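In the working numbering, the protein residues as written are 2 to 500. No residue lacks a Cβ here, since even glycine has one placed at the ideal position from N, Cα and C. From a predicted model like this one, the values you see are computed outputs, not experimental measurements. The structure appears below as structure tokens.
Set out below in structure tokens:
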């Protein structure tokens, strides 16, 4: 079905078409919003088709490589698709279509201004995310990582008020500061250690270049862990909750489609393709970062429990859930890495569902605080049920997708004899129950206040249907995780007792 296009051509179209769509969006502008939004959806669907073509070809081990420009000997702007990148591109492009549908309902329902600019920035951002997914080397990854930061800044500051400007300043300051101050030096140091090689090679390129001391390699790993600031490892996480000043479609995009997923994807890819799982085990610093991730999981969950604003609570939940990926990568075992990879996919579906439901509540009833949602579930049963499904997936309850990453991470921790890590994962799941199910309990079980009417008063269909698409995706992915595990096994290694 997806072999009509040449895979290399499909990759090129997936990278460039969003830019072409950008001009179509601009052409229709505010005068023909239906045309503008139709352009967005058509572009998204064509990109998704191309990404599926690439994904299918990668599953059949078809080599897909494209070198656009050699900047200097050994350093080129190049793309080469491997399975982890193909998975990330599929998540990003698929959820872009869903998010675009949702944006129509939300942006019209709240009569947001500058909607043309909004859709244009989305197009650039998704192109940057796909470029990062298909990057063949560190230089290409770094460049598209930066484009993603810059293209999402106008989305974060979309409202244009003082809060938006303040949140945007923190967002841009931390992400640019970490990438230029830490990520870029890590890239340069890697090229220096390897004699000018920054390519992503399965098994890692650093294993063949062991002239560097343990201290240098440890510092390099630390630079990557904190230089890739989009992974939101504490204490460089404040950009994420500060970005919640953006409209909810942007929040969903940041948390599920591209930005934070680009961060943890990049960190996992560096762990697997630059260091290599086997070599990572020999680096003492990997345990330090592993425990930092464990601390982030618990601390961010504790903060989430204190937040009354629903989007703020979900933002700190994301900080915690992202650290599962970092934790899995730093376990330096096939089991842990597989759990990290599955977490990228499962969290995207679950968290996007939660944010879209939060936005639907705001569109329909202009309520953002959990304390204001008493009895609201009886007016918005479909929204709150979708929220319940997304929450249960994030918690890790079967039969929903989020249960599999936690299973692999728990198994990996137990197999490695890391009883404390095992306890951290259990405790965090219990904390997830408290802070994610509270809105549901308030919505369905608390007495209805006088200002909440009776009868069904749901959000527009363009807000409700996308939330149910991703909620259903949580269920579908649960029953198809074995196929994804098989697909990712060549990346992370065969899963077995002993890692």
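Is DSSP giving residue i helix, strand or coil here?
i, result
"residue 288", "helix"
"residue 6", "coil"
"residue 207", "helix"
"residue 200", "strand"
"residue 61", "coil"
"residue 398", "coil"
"residue 422", "helix"
"residue 234", "coil"
"residue 498", "Annotation note: pLDDT 49 at residue 498 (below 50); position unreliable, coordinate value reported separately. Coil, per DSSP."
"residue 353", "helix"
"residue 32", "coil"
"residue 417", "coil"
"residue 22", "helix"
"residue 239", "coil"
"residue 160", "coil"
"residue 457", "coil"
"residue 247", "coil"
"residue 334", "coil"
"residue 41", "helix"
"residue 213", "coil"
"residue 490", "helix"
"residue 187", "helix"
"residue 12", "helix"
"residue 195", "coil"
Verify whether the separation of the beta carbon atoms of residue i and residue j is less than 8 Å.
i, j, result
"residue 467", "residue 357", "yes"
"residue 404", "residue 397", "yes"
"residue 313", "residue 242", "yes"
"residue 122", "residue 155", "yes"
"residue 464", "residue 120", "no"
"residue 82", "residue 59", "yes"
"residue 423", "residue 340", "no"
"residue 327", "residue 234", "yes"
"residue 395", "residue 348", "yes"
"residue 96", "residue 9", "no"
"residue 276", "residue 205", "yes"
"residue 138", "residue 201", "yes"
"residue 282", "residue 333", "yes"
"residue 133", "residue 149", "yes"
"residue 400", "residue 476", "yes"
"residue 30", "residue 153", "no"
"residue 168", "residue 251", "no"
"residue 379", "residue 445", "yes"
"residue 199", "residue 188", "yes"
"residue 223", "residue 286", "yes"
By how many angstroms is the C-alpha of residue j removed from the C-alpha of residue i?
i, j, result
"residue 253", "residue 299", "23 Å"
"residue 16", "residue 443", "44 Å"
"residue 373", "residue 309", "9 Å"
"residue 344", "residue 325", "7 Å"
"residue 269", "residue 306", "28 Å"
"residue 520", "residue 20", "As shown, the chain starts at 2 and ends at 500. That puts residue 520 outside it, with no answer to give."
"residue 457", "residue 49", "35 Å"
"residue 386", "residue 45", "28 Å"
"residue 383", "residue 483", "30 Å"
"residue 336", "residue 24", "44 Å"
"residue 217", "residue 229", "18 Å"
"residue 124", "residue 418", "45 Å"
"residue 367", "residue 111", "9 Å"
"residue 473", "residue 203", "34 Å"
"residue 260", "residue 490", "25 Å"
"residue 279", "residue 321", "26 Å"
"residue 28", "residue 364", "28 Å"
"residue 40", "residue 240", "31 Å"
"residue 173", "residue 209", "36 Å"
"residue 249", "residue 107", "8 Å"
"residue 54", "residue 433", "37 Å"
"residue 6", "residue 371", "48 Å"
"residue 293", "residue 219", "14 Å"
So residue i packs on residue j, CB below 8 Å; how close in whole Å?
i, j, result
"residue 346", "residue 181", "No, residue 346 and residue 181 are not in contact; Cβ-Cβ is about 30 Å, not under 8 Å."
"residue 350", "residue 478", "6 Å"
"residue 361", "residue 460", "4 Å"
"residue 355", "residue 316", "Contact flag wrong, Cβ pair sits at about 11 Å."
"residue 338", "residue 289", "Rounded, the Cβ-Cβ distance is 18 Å, inconsistent with contact."
"residue 94", "residue 52", "4 Å"
"residue 126", "residue 145", "With a Cβ gap of about 10 Å, residue 126 and residue 145 do not count as contacting."
"residue 184", "residue 141", "That pair is no contact at about 13 Å."
"residue 426", "residue 411", "5 Å"
"residue 436", "residue 318", "7 Å"
What runs of the beta strand (DSSP E), each 3 residues or longer, lie entirely inside the stretch 63-147? Counting whole runs of 3 or more residues, the stretch 63-147 contains the beta strand (DSSP E) stretches 66-73 and 76-81.
Please list the segments of the beta strand (DSSP E) lying wholly inside the stretch 359-408, counting only runs of 3 or more residues, in order along the chain. Here no run is fully enclosed.
Please specify which runs of the alpha helix (DSSP H), each continuous and at least 4 residues long, are wholly inside the stretch 260-310, giving them in chain order. Taken in chain order, the unbroken stretches of alpha helix (DSSP H) that lie wholly in the stretch 260-310 and span 4 residues or more are 260-271, 278-282 and 286-307.
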